[in-house]
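Here the protein sequences come in this chain order: A and B. Counting in my numbering, the first sequence runs without a single skipped number right up to 195 at its last residue. Counting in my numbering, the second sequence runs without a single skipped number right up to 390 at its last residue. Glycine included, every Cβ here is placed at the ideal spot set by N, Cα and C.
Protein chains: 2
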Amino acid sequence: MDSHIAAVPLDKAYRLINHGPTILVSAQHNGVQNVMAASWACALDFSPPKLTVVLDKSVKTRELIEQSARFVIQVPTVAQLELTSRVGSLSLYSDPDKLAHCGVNLFEIEGQSLPFVTGCSAWLACTLIPEPHNQTTYDLFIGEVTGAWADTRVFKDGHWQFETADPAWRSLHYIAGGHYYAIGEALDVSENTHS
Amino acid sequence: MDSHIAAVPLDKAYRLINHGPTILVSAQHNGVQNVMAASWACALDFSPPKLTVVLDKSVKTRELIEQSARFVIQVPTVAQLELTSRVGSLSLYSDPDKLAHCGVNLFEIEGQSLPFVTGCSAWLACTLIPEPHNQTTYDLFIGEVTGAWADTRVFKDGHWQFETADPAWRSLHYIAGGHYYAIGEALDVSENTHS
Numbered sequence: 001m002d003s004h005i006a007a008v009p010l011d012k013a014y015r016l017i018n019h020g021p022t023i024l025v026s027a028q029h030n031g032v033q034n035v036m037a038a039s040w041a042c043a044l045d046f047s048p049p050k051l052t053v054v055l056d057k058s059v060k061t062r063e064l065i066e067q068s069a070r071f072v073i074q075v076p077t078v079a080q081l082e083l084t085s086r087v088g089s090l091s092l093y094s095d096p097d098k099l100a101h102c103g104v105n106l107f108e109i110e111g112q113s114l115p116f117v118t119g120c121s122a123w124l125a126c127t128l129i130p131e132p133h134n135q136t137t138y139d140l141f142i143g144e145v146t147g148a149w150a151d152t153r154v155f156k157d158g159h160w161q162f163e164t165a166d167p168a169w170r171s172l173h174y175i176a177g178g179h180y181y182a183i184g185e186a187l188d189v190s191e192n193t194h195s
Numbered sequence: 196m197d198s199h200i201a202a203v204p205l206d207k208a209y210r211l212i213n214h215g216p217t218i219l220v221s222a223q224h225n226g227v228q229n230v231m232a233a234s235w236a237c238a239l240d241f242s243p244p245k246l247t248v249v250l251d252k253s254v255k256t257r258e259l260i261e262q263s264a265r266f267v268i269q270v271p272t273v274a275q276l277e278l279t280s281r282v283g284s285l286s287l288y289s290d291p292d293k294l295a296h297c298g299v300n301l302f303e304i305e306g307q308s309l310p311f312v313t314g315c316s317a318w319l320a321c322t323l324i325p326e327p328h329n330q331t332t333y334d335l336f337i338g339e340v341t342g343a344w345a346d347t348r349v350f351k352d353g354h355w356q357f358e359t360a361d362p363a364w365r366s367l368h369y370i371a372g373g374h375y376y377a378i379g380e381a382l383d384v385s386e387n388t389h390s
């Protein structure tokens, strides 16, 4: 594991996605690994941390998650803009070499049988909380976060460091039609207002 | 209604929250109106458009939504940073004059019996899709979007205009402890990549 990657305490894991970034979902089962992009992921609880992610019935990653009951939600960076767009467009069903064609490299974290995408800023290892009605009716999946990590060059001491980190580390926020925004300027509310 | 506010076609309503902004939730019942801030709101479907929002059992707005089955999700701006922080901190339970103390002004949209917050950049009128298990177990509420509007000074022709609009219109992305980021620079992926 890259020496810049550090564990994030579970009670602060929600902060990794609280600002609404576009994320990458990865999973593996029986030797098949896949990665997709998704905008519709959201924190659901603080402790134990949970999150929701919407996975269309057409995507291979959904099948891998239904089979393995585990997945990773990770936060891609501006440096990974093309990679993010490609894994969101190509399907493993039509291109068995999708990950290579998208420039995706995976790494392992000890004790986790999950594929982590190299170069992201943060990773949340999740265990599926089976909710068949939500999954079937809404394509809505709930995960409990069992481990969290971040690259200390952009997330340190429980806080994002976008204002001082290299701009290539900024998170991506997708709209539609290949159009994204990067996260921007930091704004702080004084303590007496935010009681 | 302000002349800058225009209806957004329902099939493009998801774009109003696709970039993961912090939002305001408003609702009313029996003459009681309330507004709260939330980070945990997310698109759920394109057509008909649906969304999810997490509402803690302690908040008055949840009670109003359970009673009226309707609510508004709206996107506050950098100009509304203090307002957003205040409605996220004060409770109507402890301060019956919360809205006045937070500087919130409400307006109406014809045909909608809902309270809309003045000065936001976008509004999504929602009807609750009752899912008692999700609501009780996860504080997770699902809404179908029945109407959408945006201020044309920052959202026009189906697209956010953050790159050209006054910076005061940028969306807010909350982390924790009074710390927010504004949305930033636009990034586009070339068409042949984003097939």
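Which first and last residues belong to the beta strand (DSSP E) in which Asn105 (chain A) is found? Where Asn105 (chain A) is concerned, there is no enclosing beta strand (DSSP E), given that its DSSP letter is neither H nor E.
Please state whether DSSP places Arg86 (chain A) in a helix, a strand or coil. In the three-state reduction of the DSSP assignment, Arg86 (chain A) falls in the helix class.
Through-space distance from Ile200 (chain B) to Asn300 (chain B), alpha-carbon basis: Their Cα atoms are separated by approximately 16 Å.
In chain B, what lies closer than 8 Å to Phe116 (chain A) by C-beta? Taking a Cβ-Cβ threshold of 8 Å, none of the residues of chain B is close to Phe116 (chain A); the smallest such distance is about 22 Å.
If you follow the beta strand (DSSP E) that Glu326 (chain B) is in, where does it begin and where does it stop? Boundaries cannot be given for Glu326 (chain B), as no beta strand (DSSP E) includes it and DSSP labels it neither H nor E.
Residues that DSSP places opposite Asn225 (chain B) in a beta bridge: The secondary-structure analysis by DSSP pairs Asn225 (chain B) with nothing; it has no beta-bridge partner.
Cβ of Phe350 (chain B) within 8 Å of Cβ of Leu219 (chain B)? No. Outside cutoff.
Whose C-alpha, out of A:Ile142, A:His173, A:Ala38 and A:His19, is nearest the C-alpha of Ser89 (chain A)? Distances from the CA of Ser89 (chain A) to each of A:Ile142, A:His173, A:Ala38 and A:His19 were compared; the closest alpha carbon is that of A:Ala38.
Min CB distance Asn30 (chain A) to chain B below 8 Å: Interface annotation, Asn30 (chain A): not in contact with chain B, CB-CB separation never under 8 Å.
Going by DSSP, what residue range makes up the alpha helix (DSSP H) through Arg62 (chain A)? Here the alpha helix (DSSP H) through Arg62 (chain A) covers Lys60 to Ser68.
Please classify Lys57 (chain A) as buried or exposed, where buried requires at least 16 neighbouring CB atoms within 10 angstroms. It is exposed - the Cβ of Lys57 (chain A) has fewer than 16 other Cβ atoms within 10 Å.
What separation, rounded to the nearest whole angstrom, lies between the Cα atoms of Asn134 (chain A) and Glu66 (chain A)? The straight-line gap from Cα to Cα measures roughly 13 Å.
Straight-line CA distance for Thr247 (chain B) to Gly379 (chain B)? Using only the alpha carbons, I get a separation of about 25 Å.
Counting only the same chain and skipping the five closest in sequence on each side, list residues whose C-beta sits under 7 Å from that of Asp95 (chain A). Excluding residues within five positions, the ones whose Cβ falls inside 7 Å are His101.
Can you tell me which residues form a DSSP beta bridge with His374 (chain B)? Partner(s): A:Asp188 and B:Ala371.
Ignore the nearest five residues each way along the sequence and tell me which others in Gly147 (chain A)'s own chain have a CB closer than 6 Å to its CB. These residues qualify, in order along the chain: Ala125.
Is there contact here, the region 157–166 of chain A with the region 202–209 of chain B, by at least three beta-carbon pairs under 8 Å? At 8 Å Cβ cutoff, the stretches do not touch.
Closest residue to Ser366 (chain B) among B:Ala274, B:Leu287, B:Ser280 and B:Gln228 (Cα-Cα distance): Among B:Ala274, B:Leu287, B:Ser280 and B:Gln228, the Cα nearest to that of Ser366 (chain B) belongs to B:Ala274.
Report the residues of the region 364–389 of chain B with a CB closer than 8 Å to any CB of chain A, ordered along the chain. So the close ones are Arg365, Leu367, His368, Tyr369, Ile370, Ala371, Gly372, Gly373, His374, Tyr375, Tyr376, Ala377, Ile378, Gly379, Glu380, Ala381, Leu382, Asp383, Val384, Ser385, Glu386, Thr388 and His389.
Apart from the five residues on each side of it in sequence, which residues of its chain come closer than 6 Å, Cβ to Cβ, to Leu269 (chain B)? According to the sequence displayed, residue 269 (chain B) carries Gln and not Leu. The answer, listed in chain order, is Leu219, Val312, Cys315 and Trp318.
State yes or no: is the C-beta of Asn34 (chain A) within less than 8 Å of the C-beta of Ala41 (chain A)? Cβ atoms of Asn34 (chain A) and Ala41 (chain A): not closer than 8 Å.
Just to confirm my understanding: we take Tyr93 (chain A), look at its own chain, exclude 5 residues before and 5 after, and list those with CB closer than 7 Å. What are they? Cβ within range, chain order: Lys60.
Between Tyr174 (chain A) and Thr22 (chain A), is the Cβ-Cβ spacing less than 8 Å? Less than 8 Å separates the beta-carbon of Tyr174 (chain A) from that of Thr22 (chain A).
Where the region 14–40 of chain A meets chain B: residues whose CB sits under 9 Å from a CB there: For the region 14–40 of chain A, the beta-carbon criterion of a distance under 9 Å to any beta-carbon of chain B is satisfied by Tyr14, Arg15, Ile17, Asn18, His19, Gly20, Pro21, Thr22, Ser39 and Trp40.
Where Phe302 (chain B) and Val267 (chain B) are concerned, what is the direct C-alpha to C-alpha distance, given to the nearest angstrom? Approximately 12 Å between the Cα atoms of the pair.
Close-in-space but distant-in-sequence residues of the same chain around Gln112 (chain A) (CB under 7 Å, 5 per side omitted): Cβ neighbours of Gln112 (chain A) beyond the five flanking positions: Ala125 and Gly147.
Among A:Asp166, A:Gly20 and A:Pro115, whose alpha-carbon lies nearest the alpha-carbon of His29 (chain A)? The shortest Cα separation from His29 (chain A) among A:Asp166, A:Gly20 and A:Pro115 belongs to A:Pro115.
Spatial distance of Lys245 (chain B) from Asp45 (chain A) (CA atoms): If I take the Cα positions, the gap works out to 20 Å.
Taking 8 Å as the threshold (beta carbon to beta carbon), is Trp355 (chain B) in contact with chain A? Closer than 8 Å to some Cβ of chain A, the Cβ of Trp355 (chain B) qualifies, so yes.
Whole angstroms is fine: what's the gap from Met196 (chain B)'s alpha carbon to Arg348 (chain B)'s? Rounded to whole angstroms, Met196 (chain B) to Arg348 (chain B) spans 15 Å at the Cα level.
Leu276 (chain B) versus Val87 (chain A): straight-line alpha-carbon distance, rounded: If you take the alpha carbons of Leu276 (chain B) and Val87 (chain A), they lie about 35 Å apart.
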